[in-house]
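J.: Attaching a single structure in structure tokens format; questions to follow.
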Amino acid sequence: MEAPYTSGSLIVLVGPPGAGKSSYARRRFPTGRLCLDDFREMATDDAADQSATPTAAQIQNLLLDARLARGLTTVVDSTNVLPHVRAGLLARARYYQRPAVAVLFDLPLDVCEARNAARARQVPRDVVRELHQMIPTAEQLAAEGFISIRTVDLCEPARR
38 MEAPYTSGSL IVLVGPPGAG KSSYARRRFP TGRLCLDDFR EMATDDAADQ
88 SATPTAAQIQ NLLLDARLAR GLTTVVDSTN VLPHVRAGLL ARARYYQRPA
138 VAVLFDLPLD VCEARNAARA RQVPRDVVRE LHQMIPTAEQ LAAEGFISIR
188 TVDLCEPARR
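This is how it looks when you write it as structure tokens:
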């Protein structure tokens with residue numbers, strides 16, 4: 038059983054599509070889950086419409102600021118594989134003096150591809166591969182400023 042998260046933390050999920058990030062977040066955090074796919078769908082009726090990402094990011098940041106200001110535990114459920122995206126999230130956590138935890142989903146590519154293929158809304162295979170190649174190491178995440186890095190093992194998303 039994993040240790041609980043510190044109340045009021047910013048929890049940043051990091052991993053490619055199909056890694057189990059959303060399943061993990063939904064099971065552990067019934068409230069406070071911010072997901073760009075959900076916000077894109079709200080804005081355009083299509084979670085895959087990447088043209089809505091700027092709008093979705095504005096919504097996410099507005100809610101993230103509101104929750105962090107109140108000291109509420111908040112989960113950012115997106116790929117978060119790009120360093121500049123994580124840097125922006127870390128800056129918000131620092132501004133609100135909240136601890137930032139990274140949850141790293143470093144699963145094998147074939148597992149991510151198989152899970153993606155089984156979804157109703159699939160991410161293009163080349164995108165899954167590209168994002169998989171961008172997965173940072175735990176050491177990189179620590180160097181960026183996350184106070185804790187948790188790694189999700191292969192079976193965990195399906196098991197819990």
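Whatever position you read off the sequence shown (first residue = 1), add 37 for our numbering.
Heads up, the beta-carbon is just placed ideally off N, CA and C, and yes, glycines get one too.
From a predicted model like this one, the values you see are computed outputs, not experimental measurements.
Mapping the DSSP letters down to three states, classify Thr110 as helix, strand or coil.
T.: Under the three-state reduction of DSSP, Thr110 is assigned to coil, being neither helix nor strand.
J.: Distance, Cα to Cα, Leu99 vs Val148?
T.: Rounded to whole angstroms, Leu99 to Val148 spans 34 Å at the Cα level.
J.: As an exercise, report each continuous alpha helix (DSSP H) stretch of at least 4 residues that is fully enclosed by the segment 39 to 119, in chain order.
T.: Runs found: 58 to 65, 73 to 81 and 90 to 106.
J.: Assign Gly108 to buried or exposed, taking buried as 16 or more other Cβ atoms, counted over all protein chains shown, within 10 Å of its Cβ.
T.: exposed
J.: Which of the three DSSP states, helix, strand or coil, is assigned to Leu144?
T.: coil
J.: Mark Asp190 as exposed unless 16 or more other C-beta atoms lie within 10 angstroms of its C-beta, in which case mark it buried.
T.: exposed
J.: Taking the alpha-carbon positions, what's the Ala106 to Arg156 distance?
T.: 35 Å
J.: Would the segment 77 to 96 count as touching the segment 164 to 173 if we require 3 or more Cβ pairs under 8 Å?
T.: no
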